[in-house]
Amino acid sequence: MKISYLESVEGLSHEGAQWLALKKHINLQNTDLLITNEMPFGDWLAANRDFDAQSAQLSIVAHDRGIQQLQQLDVPIILSSRPVKAAEKLANEAFVLIDGEYHFAHQKHYFPAESGFYENAWFTTAVPGFKVIKTERITVGFMLCTELMFNEWAREYRRQGAHLIAVPRASGQSVTHWKTAAAMAAIVSGCYVVSSNRVGEYDADLTFGGQGFAFAPDGSQISQTSSENPVVSFELDFDWVARTQKNYPCYVKEID
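Residue 315 in my numbering sits at position 71 of the sequence shown, with consecutive numbering throughout.
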């Protein structure tokens, strides 16, 4: 099964030259499954310290229109996230488009509170839980950005039969910790772990680093994106997942 992931620009619109260029790169892959970065359309909300209802609504609309464009891609399965209203804030909602049809998957649980990433001011979790979503071909779990740092959920996805852990993210220029976390998530779950990221400057204090990446079930890195190759693909081997999940440390059970 061919899996594709990407880096896409900060402030991506559902129309215009940047979207058309990204769309061209995606179409060239002729892929079975695409993972986007975290909340890929519009400006990054959490760069601002305080919640703003008008900005939140603009982001919701930008993603409504962006999802319509994703639904028109010739890609059977698309994994992404979007902002949705939740109480007095937003929820960062992971979803799956299966042949263009929207399916809820997960809402983000862990929120940073630091310069450029004041997510705790903007987001809450309205629907708790880490549950896989099953398609006819593949079972997927989501770990949205910071959630990758909490590997207990990677183990939980293995117990639910996941083949792939998708990590849409919006992170800065340093990638070392992200790759370490991804490798460990793969090792403890026996899943492929694949992440897409934003890229480009938001302002003088915040630049997104791109470098989407894919890790194999044994924790080895397969590939990563770059400015020259913003969309990258690989073939997912289901047999490798099955073998790895029977081996150490995946088989080790917790003591009650």
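Beta carbons: idealized from backbone N, C-alpha and C, even for Gly.
- Nearest to L450 by alpha-carbon distance, out of Y401, F361, T368 and C389, is F361.
- Residue environment for A297: exposed (fewer than 16 other C-beta atoms within 10 angstroms of its C-beta).
- In this structure, L341 lies away from I382, with their beta-carbon atoms at least 8 Å apart.
- Around the C-beta of Q455, 16 or more other C-beta atoms lie within 10 Å, and the residue is accordingly described as buried.
- Shown here, R381 sits in coil according to DSSP, grouped into three states, outside any helix or strand.
- Judged by DSSP in its simplified three-state form, E251 adopts strand.
- The way I'd put it, the segment 360-377 does touch the segment 343-352; three or more beta-carbon pairs between them come closer than 8 Å.
- Per the C-alpha coordinates, the member of A291, F452, T368 and S324 positioned closest to E332 is T368.
- For the 8 Å CB-CB criterion, G286 and A306 form a contact.
- S440 places its beta carbon 8 Å or farther from that of A426.
- Where N271 is concerned, the enclosing alpha helix (DSSP H) starts and stops at A261 to Q273.
- Listed in chain order, the non-local C-beta contacts of T488 below 8 Å within the same chain comprise G434, P461, D462 and C494, local neighbours out to five positions each way being set aside.
- Secondary structure of S470 (DSSP, three-state): coil.
- Rounded to whole angstroms, the Cβ separation of K267 and L317 is 7 Å, and the two are in contact under 8 Å.
- Rounded to whole angstroms, the separation of the alpha carbons of A410 and R402 is 13 Å.
- With a 10 Å radius around the Cβ and a threshold of 16 neighbouring Cβ atoms, N336 comes out buried.
- Distances from the CA of G344 to each of A406, P320 and S252 were compared; the closest alpha carbon is that of P320.
- S303 counts as buried, since no fewer than 16 other beta carbons sit within 10 angstroms of its beta carbon.
- Between E282 and S325, the C-beta spacing is below 8 Å.
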